[in-house]
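Asks: With numbering that gives the first Met the number 0 as the guide, the letters of the sequence shown map in order to residues 0 to 147.
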Amino acid sequence: MVVKESLRLHPVALFLIPRESMEDVVVDGYLIPKNTRILVNTWSMGRNPNIWSENAEEFLPERFIDGNIDLRGQHFELIPFGSGRRGCPGMQLGLITVRLVLSQLIHCFDWELPDGMLPHELDMSETFGLSLPRANHLLAKPTYRLLE
Ligand code: HEM
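(1) At 3 residues or longer, what runs of the beta strand (DSSP E) sit wholly inside the stretch 72-134?
(2) Please return the same chain residues whose Cβ sits closer than 6 angstroms to the Cβ of residue 65, not counting the five positions on each side in sequence.
(3) List in chain order: all unbroken alpha helix (DSSP H) runs of 4+ residues lying wholly within the stretch 26-59.
(4) Out of 145, 56 and 32, point me to the one whose CA is closest to residue 119's CA.
(5) Tell me which same chain residues have a C-beta within less than 7 angstroms of the C-beta of residue 133, skipping the five on either side of it?
(6) Look at the Cβ atom of residue 72, then the Cβ atom of residue 86, and state whether they are nearer than 8 angstroms.
(7) So residue 6 is in the alpha helix (DSSP H); what residue range does that whole segment cover?
(8) Hey, is residue 71 close to the ligand HEM, as in C-beta under 7 angstroms from one of its heavy atoms?
(9) Report yes or no: do three or more beta-carbon pairs, one from the stretch 128-143 and one from the stretch 100-114, lie closer than 8 angstroms?
(10) At a cut of 8 angstroms, does the stretch 28-46 reach the stretch 2-12 through at least three beta carbon pairs?
(11) Whole-angstrom Cβ separation of residue 11 and residue 79, contact assumed at under 8 angstroms?
(12) Assuming residue 63 contacts residue 0 under a Cβ cut-off of 8 angstroms, what Cβ separation, rounded to an integer in Å, is found between them?
(13) Would you say residue 55 faces chain C, with C-beta separation under 8 angstroms as the test?
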């Protein structure tokens, strides 16, 4: 749930890989002519209150408790790995790596923010580009907790 929520708010590739329509098509009442360049804005989909409710901007992993929303490309409200034939071929490796690193970081260390900073004071702004890195480095203090 934490990984899903992180990728919802901070997708790695915010516009996916550009597509081009092969024929005229009407989507939700909008005509998309043949040969139109299409960018899928996963960043704005992840923050759309019509999909995620009014708390869309908040980091709330528990929003996924009851739902069956999966991030493998079949539930189009959450497609951080894209979808279809050009979807990310490294998805399984990516998910395993993220879960492994995250669980190790949490298992092995206690974490504090510097200078008594509170979580809601963290600067979570991003630099928009092909991918979506943090605008400023994350500073956090680890204390190893497995000494015994
Ligand atoms: C958390 C990790 C990762 C995320 C969030 C991610 C996300 C994405 C996204 C959004 C796309 C575009 C898909 C689309 O437009 O439908 C993509 C494409 C791609 N990814 Fe990943 N990726 C991750 C890890 C990896 C890894 C580990 C590899 C390789 C080992 C990889 C290799 C690729 C390649 C080759 C493409 C281009 C596929 C194509 O154009 O047909 N990715 N990825």
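Ideal placement from N, C-alpha and C gives every residue a C-beta, glycine not left out.
Replies: The short version:
(1) DSSP runs (the beta strand (DSSP E)) wholly in the stretch 72-134: 108-111.
(2) There are no such residues.
(3) Counting whole runs of 4 or more residues, the stretch 26-59 contains the alpha helix (DSSP H) stretches 41-45 and 48-51.
(4) Comparing Cα positions, the closest option is 56.
(5) Around residue 133: 125.
(6) Residue 86 is positioned such that its CB atom lies closer than 8 angstroms to that of residue 72.
(7) Annotation for residue 6: the continuous alpha helix (DSSP H) segment containing it runs 1-8.
(8) Outside the cutoff, so no.
(9) Cβ pair count under 8 angstroms is three or more, so yes.
(10) With a cut-off of 8 angstroms, the stretch 2-12 and the stretch 28-46 count as touching, because enough Cβ pairs lie within range.
(11) Their Cβ separation, rounded to whole angstroms, is 7 angstroms, which keeps residue 11 and residue 79 in contact under 8 angstroms.
(12) The beta-carbon distance between residue 63 and residue 0, rounded to whole angstroms, is 4 angstroms. This is short enough to meet the 8 angstroms contact definition.
(13) Here there is only one protein chain, and chain C is not present.
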